[in-house]
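Chains as they are written, first to last, in this note's numbering: chain A, 1 to 246; chain W, 1 to 231.
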Amino acid sequence: MWGLIHKLGSPKWFYYRSAALQPWCWGAAVVLLLVGSVWGLVFAPADYQQGNSFRIIYVHVPAAFLAQSVFVAMAISGFVFMVWKIKIADMAAAAMAPLGASMTFVALFSGAVWGVPTWGTWWIWDARLTSMLILLFLYIGVMSLRGAFSRRDSGARAASVLAMVGVINIPIIKYSVDWWYTLHQPASFTLTSRPAMPLEMWLPLLMMVVGFYGFFIALTLTRTRSEILRREANTRWVKALIEEIN
Amino acid sequence: MAEPSSRRLGVAIGATLMRDLKRVRRRRGEVLNPLVFYALAVSLFPIGISPEAELLAVMAPGLLWVTALLATLLSLDGLFRSDFDDGSLEQMMLSPQPLAALSIAKVAAHWLFTGLPLALMAPLLGIMLALPIHSIGVLMASLALGSASLSLIGGIGAALTVGLPRGGVLLSLLVLPLYIPVLIFGTGAVQAAILGDAVLPHLAMLGALLAAALILAPWAIAASLRISING
Chain A
1 MWGLIHKLGS PKWFYYRSAA LQPWCWGAAV VLLLVGSVWG LVFAPADYQQ
51 GNSFRIIYVH VPAAFLAQSV FVAMAISGFV FMVWKIKIAD MAAAAMAPLG
101 ASMTFVALFS GAVWGVPTWG TWWIWDARLT SMLILLFLYI GVMSLRGAFS
151 RRDSGARAAS VLAMVGVINI PIIKYSVDWW YTLHQPASFT LTSRPAMPLE
201 MWLPLLMMVV GFYGFFIALT LTRTRSEILR REANTRWVKA LIEEIN
Chain W
1 MAEPSSRRLG VAIGATLMRD LKRVRRRRGE VLNPLVFYAL AVSLFPIGIS
51 PEAELLAVMA PGLLWVTALL ATLLSLDGLF RSDFDDGSLE QMMLSPQPLA
101 ALSIAKVAAH WLFTGLPLAL MAPLLGIMLA LPIHSIGVLM ASLALGSASL
151 SLIGGIGAAL TVGLPRGGVL LSLLVLPLYI PVLIFGTGAV QAAILGDAVL
201 PHLAMLGALL AAALILAPWA IAASLRISIN G
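Right under this line is the structure:
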């Protein structure tokens, strides 16, 4: 068990093993996203109240899901890095942060665009938009803290601590903001209870959500692999690898 | 040598607290600055928005709380700065007592000289903003309780940025999002008091936030200080 974990933590081992995994992740993500978007944007029936504007849901909801999960994944990676000193975990956390921040931005932007036909305004200070905005600030904080340190290891550990502090605070912030103001429609997509929307609308959404997660995994894998090459550039195996390519 | 370790820990915490209090007594400006900032920033709002009493009374809870939050933020940079510069922080890290406990003492001193004075000064500014008299007590209580959480959470940000040459702006970026729950329940308490609603639930939530921060923040502060010192 421990042997496996330490093997996994070795950048070289991870780099060679993930090479086989990478095309599968990208393939699954691309297929799911293509099928999901064509199905959702073209074939799914229009909403009887919102018309075609409801189709923003196929970008908005997956992006919002990912925005929150990436932060949790980042905090878990930070924890693993702090406790077991596994460098791969920090490389993954560094690779994830910009993606999480951009997904938060996509969720906010698509929410604002969706707000125009449904609420008649670009922005409402409602509970979910507000906590999304705060999440964006948390992401920016983690990323700029990492960049502020001149020693990479200190920046990595500081970012890990802040990610863990943030992940404890996210539920508290979410609860307090909910408490502060609720105006948004109730959640329309859950995995546990029966969907409130018809199946032909819900299935493409499920596909998009899974596709977004697949995209996240594939992109994190690729970015972590290039981070490995960058950080290990002076080791013998990376030099040998580069010579092989040349 | 034969003293029980719990007692030695108490002595260390007390000594750290007394040291900070003594330092503050010798440099009174550091205490006064956040207070002056508080008064100045609050008085900008009637000038910038409107001197009408009805309008100000509506906005007063939020204004007083947001400005107190910013005043706390302003003072945070100094929480560990001088100890970092003169090496006292390294001595604390090397001492046999846990750094988390010593950092609680430092945060407590910070609250005694920032949060508590802000809470004591708030009634004066509240009256100037036409806050109804019967809500002044709640304003003070909520600020006193909430600013303790602000000091603890802010301590994490201060510890993370103390080693950075220009940590001030970054510090506010890290800390302000984490302050939002305290702000919500703090202004909520004052607004409830104005409307004559039940105030205790809000204060209880502020107390709960303080309890959680008191348990978790010292560990994060200690871990962050270690990173800053080694970085």
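Ideal placement from N, C-alpha and C gives every residue a C-beta, glycine not left out.
task: Kindly indicate if chain W contains any beta-carbon less than 8 angstroms away from that of A/THR182.
output: Bear in mind that the predicted position of A/THR182 carries a pLDDT of just 45, short of 50, making it unreliable; the figure below should be weighed with that in mind. No, its Cβ sits nowhere closer than 8 angstroms to a Cβ of chain W.
query: Going straight from the alpha carbon of W/SER50 to that of W/ASP86, what length do you get?
result: 47 angstroms
query: What residue from A/ALA218, A/VAL165, A/SER176, A/SER37 has the CA that sits closest to W/ALA222's CA?
result: A/VAL165
message: Going by beta-carbon coordinates alone, are W/LEU269 and W/LEU139 separated by less than 8 angstroms?
response: Since the first residue of chain W shown is 1 and the last is 231, residue 269 of chain W is not available in this structure.
- prompt: How should A/GLN68 be labelled, buried or exposed, when 16 other C-beta atoms within 10 angstroms of its C-beta is the threshold for buried?
  reply: buried
- request: Please list, in chain order, all residues of the same chain as A/ARG223 whose beta carbon is under 7 angstroms from its beta carbon, the five residues on each side excluded.
  value: ALA95
- request: Could you tell me whether the Cβ atoms of W/LEU239 and W/SER82 are closer together than 8 angstroms?
  value: Outside the displayed span of chain W (1 to 231) sits residue 239 of chain W, for which this structure offers no information.
message: Suppose you measure from the CA of W/ILE153 to the CA of A/SER160; what does that come to, to the nearest Å?
response: 16 angstroms
field: A/LYS174 versus W/GLU52 - alpha carbon distance
entry: 35 angstroms
query: Beta-carbon of W/ALA223 versus every beta-carbon of chain A: anything under 8 angstroms?
result: yes
query: Less than 8 angstroms separating the beta-carbons of A/MET207 and A/LEU32?
result: yes
query: Who pairs with A/GLY51 in a beta bridge, going by DSSP?
result: A/ASP47
task: Report buried or exposed for W/HIS134, applying the criterion of at least 16 other Cβ atoms within 10 angstroms of its Cβ.
output: exposed
- request: Return no unless some Cβ of chain W is closer than 8 angstroms to the Cβ of A/ILE134.
  value: yes
query: Any Cβ of chain B within less than 8 angstroms of the Cβ of W/PRO177?
result: Annotation note: the requested chain B is absent from the structure, which comprises protein chains A and W.
message: Since A/SER248 and W/PHE185 should fall inside the 8 angstroms C-beta cutoff, what is the C-beta to C-beta distance between them, to a whole number of angstroms?
response: Absent from the structure is residue 248 of chain A, since the part of chain A shown begins at 1 and ends at 246.
message: Counting C-beta neighbours from all protein chains within 10 Å, is the total for W/MET1 16 or more, i.e. buried, or is it exposed?
response: The predicted model places W/MET1 with a pLDDT of 49, which falls under 50 and marks its position as unreliable, so this point remains unresolved.
query: According to the Cβ coordinates, are W/GLY126 and W/LEU32 closer than 8 angstroms?
result: no
- request: Check whether the Cβ of A/SER176 lies closer than 8 angstroms to any Cβ atom in chain W.
  value: yes
message: Using 8 angstroms as the threshold, is the C-beta distance between A/MET82 and A/ARG157 below it?
response: yes
- request: Check each candidate in W/PRO98, W/GLY167, W/LEU74 and name the one with the smallest Cα separation from W/PHE113.
  value: W/LEU74
field: Segment limits, alpha helix (DSSP H) that includes W/ASP83
entry: 78-86
- request: Quick one: using the 10 Å Cβ neighbour count with 16 as the cut-off for buried, is W/THR187 buried or exposed?
  value: buried
- request: Give me the Cα-Cα distance between W/GLY48 and A/ALA64, rounded to the nearest whole angstrom.
  value: 37 angstroms
query: Which residue spans inside the segment 114-196 of chain A form an unbroken alpha helix (DSSP H) run of at least 4?
result: 127-148, 152-180
message: Less than 8 angstroms between the beta carbons of W/LEU143 and W/ALA68, yes or no?
response: yes
task: Output, in chain order, the set of chain A residues within a Cβ distance shorter than 8 angstroms of W/GLY62.
output: What W/GLY62 touches in chain A: nothing, since even the nearest Cβ is about 12 angstroms away.
task: Answer yes or no: does any C-beta atom of chain W fall closer than 8 angstroms to that of A/SER259?
output: Because chain A here runs from 1 to 246, residue 259 of chain A falls outside it and cannot be looked at.
field: Residue from W/GLU54, W/GLY10, W/ALA189, W/LEU178 with nearest C-alpha to W/PRO98
entry: W/GLY10
task: Might you give, ordered along the chain, the residues of its own chain that have their beta carbon closer than 6 angstroms to the beta carbon of A/ILE54, omitting 5 neighbours on each side?
output: The question names Ile, but residue 54 of chain A in the sequence shown is Phe. So the qualifying residues of the chain are ASP47.
field: Proximity of W/LEU171 and W/PRO34 at Cβ, strictly below 8 angstroms
entry: no
task: Report yes or no: do the segment 133-140 of chain A and the segment 100-116 of chain A share at least 3 C-beta pairs separated by less than 8 angstroms?
output: yes
message: Please tell me whether A/LEU108 has its Cβ less than 8 angstroms away from any Cβ of chain W.
response: no
query: Do you know offhand how far W/GLU54's Cα is from W/PHE45's?
result: 14 angstroms
Partners in chain W for A/ARG151, counting only beta-carbon separations shorter than 7 angstroms: GLY231
query: Can you name, in chain order, every residue of its own chain whose Cβ lies under 7 angstroms from the Cβ of A/SER193, other than the five neighbours on each side?
result: Note that A/SER193 scores a pLDDT of 48, beneath 50, so its modelled location is shaky; the value from the coordinates is reported in the next line. Same-chain partners within the cutoff: there are none.
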